[in-house]
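From first to last, the protein sequence lines stand for chains A and B. Take the first sequence: its position 67, counting from 1, is numbered 67 in our numbering, and each next residue is one higher. Each number in our numbering corresponds to the 1-based position in the second sequence with 1000 added.
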Amino acid sequence: MSKQRLLAFTLLATLAVPLAARAADANFTLTIKDRKFDVAEIDVPANVKFTLTVKNLDKVPSEFESGDLNREKVVVGGGTITVYLGPLTPGAYAFFDDFNPAARGHIVAK
Amino acid sequence: MLRNKFLAAAVVAAASLLTRYAYADFEMHYPVIDYREFELEHNGSTSLDSRSAMNNNQSYTVELGYGVTPWWEPEIEFDLGAAPGQNWRYSATTFENIFQLTPQGEYWADLGFFAEYSHAASRVDADQMTFGPLVQKEWSNPFDSGLDTLHTLNLLVSKQVGRNRNDATPVQLSWQSRLRLNPLFEPGIEYYGAFNNIADRFTVTDPTHRAGPVIVGAYNMYQYGKIKYEAGYLFGLSNATERGTIRWHFEYEKAF
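If you want it as structure tokens, here you go:
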């Protein structure tokens, strides 16, 4: 295999994988203000992909984190992030602000 | 006669190259960046074999990294090792980069790219570049099992550069699948394969294959950071490998 073919193979492998269907059937919003989440529970449909928009209205950064959901994402002060989640089996999935662990909530897939 | 010497030299060169790659890289790289997090990592491995030439081959790294952007994490890595029967020596200083190419969970699989430059500590060794894709797939409830699983694939190509380089193009294929039972304890299996020169079929010696169980976990101390670990045992699956290898990874991370 020539070096050029090797390079082409590597690049193709890099680009090819994520070309399959992307998801996000529904969107939910979570807001952080005064270092608290605006809701403690978010009900989502089970077995579908969805997005969670996390808005941080504070000036200090927060980190949306969930061991149950395998997510850990910083949202800077005044910033917004999108967290891609699911499909989830029915159940409750805990999340918290890693910079302020007192702020906690659940995503409940039904 | 001359042809045999060339062949033997090629085999030895390839084998030494393979040894270096194999023992520097019993580490799974993940394509998701921890933005604004500082990381201090230690990786290690040691081989177990009744043959003295393959026993107690040790490799250690210490790495410092930081998630500079949501898509780029550079690390500086210090590599040490000890071949069987030899003393420890500092082997290389490595500048490692992981690029997150897709948002986690948006596509069918998460994609990243790994690129590092390793500067050899010894004048008789060559510097090397290593690069390739990192792919990760979350698979929830496979076959209605009620379990969450996580699968990671690394496909890394290396090239030596500068003084003392050779023309081999080794490839390392690493794969890990694990059950996300609990953040503290996620058991799985993993495979590490090394193919010493995919660019020239005439210098190919036996590829190495290693596979075995692994446990992965993380303990969150919240504002005090997080401790992550991986521990695995790899069985040698080919003649060119030792009977077994213990590998471990410890990491402390804290967001700033």
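For glycine and all other residues, C-beta sits at the position ideal for the given N, C-alpha and C. Every value quoted in this text rests on a predicted model; they were computed, and no experiment measured them.
Taking A:Thr29 as the centre and dropping the five residues before and after it, the same chain places the C-beta of Thr53 closer than 6 Å to its C-beta, in chain order. Using a Cβ-Cβ distance cut-off of 8 Å, the region 1055 to 1068 of chain B and the region 1160 to 1175 of chain B are not in contact, since fewer than three pairs of beta carbons, one from each stretch, lie closer than that value. Listed in chain order, the non-local C-beta contacts of A:Ala92 below 7 Å within the same chain comprise His106 and Val108, local neighbours out to five positions each way being set aside.
DSSP, reduced to helix, strand and coil, places B:Pro1142 within a helical segment of the structure shown. With respect to B:Glu1041, B:Tyr1233 sits apart: the two C-beta atoms are not nearer than 9 Å. The count of Cβ pairs closer than 8 Å, one atom from the region 1170 to 1187 of chain B and one from the region 1136 to 1151 of chain B, reaches three, so the stretches are in contact. Scanning its chain for C-beta atoms nearer than 8 Å, with the 5 sequence neighbours on each side dropped, one finds around A:Glu63 the residues Glu72, Lys73, Val74, Val75, Asp97, Asp98 and Phe99, in chain order.
Just measuring C-alpha positions, the residue of B:Leu1134, B:Gly1081, B:Ala1115 and B:Val1161 sitting nearest B:Glu1075 is B:Ala1115. Pairing B:Val1135 with B:Leu1111, the inter-Cα distance amounts to about 5 Å. Closest in C-alpha terms to B:Tyr1191, from the list B:Trp1175, B:Phe1185 and B:Met1028, comes B:Trp1175.
In the structure shown, the three-state DSSP call for B:Met1028 is coil. B:Gln1086 sits in coil when the DSSP states are folded into three classes, being neither helix nor strand.
Under the 9 Å criterion on CB atoms, B:Ala1211 is classed as non-interfacial with respect to chain A.
Nearest to B:Ser1238 by C-alpha distance, out of B:Ala1194, B:Val1216 and B:Gly1225, is B:Ala1194.
For A:Pro87, the chain B residues whose C-beta falls within less than 9 Å of its own C-beta are Ser1140 and Asn1141, listed in chain order.
Within the region 1027 to 1061 of chain B, the residues whose Cβ lies closer than 9 Å to some Cβ of chain A are Val1032, Asp1034, Tyr1035, Arg1036 and Glu1037, listed in chain order. Annotation for B:Ile1227: the continuous beta strand (DSSP E) segment containing it runs Lys1226 to Gly1236. With contacts defined as CB atoms closer than 9 Å, B:Phe1235 and B:Gly1212 qualify as a contacting pair.
Taken in chain order, the whole beta strand (DSSP E) runs of length 3 or more contained in the region 1117 to 1162 of chain B are 1127 to 1140 and 1148 to 1161. Under the 10 Å beta carbon count, A:Pro90 is surrounded by fewer than 16 other beta carbons and is classified as exposed. DSSP, read as helix, strand or coil, puts B:Tyr1219 in strand.
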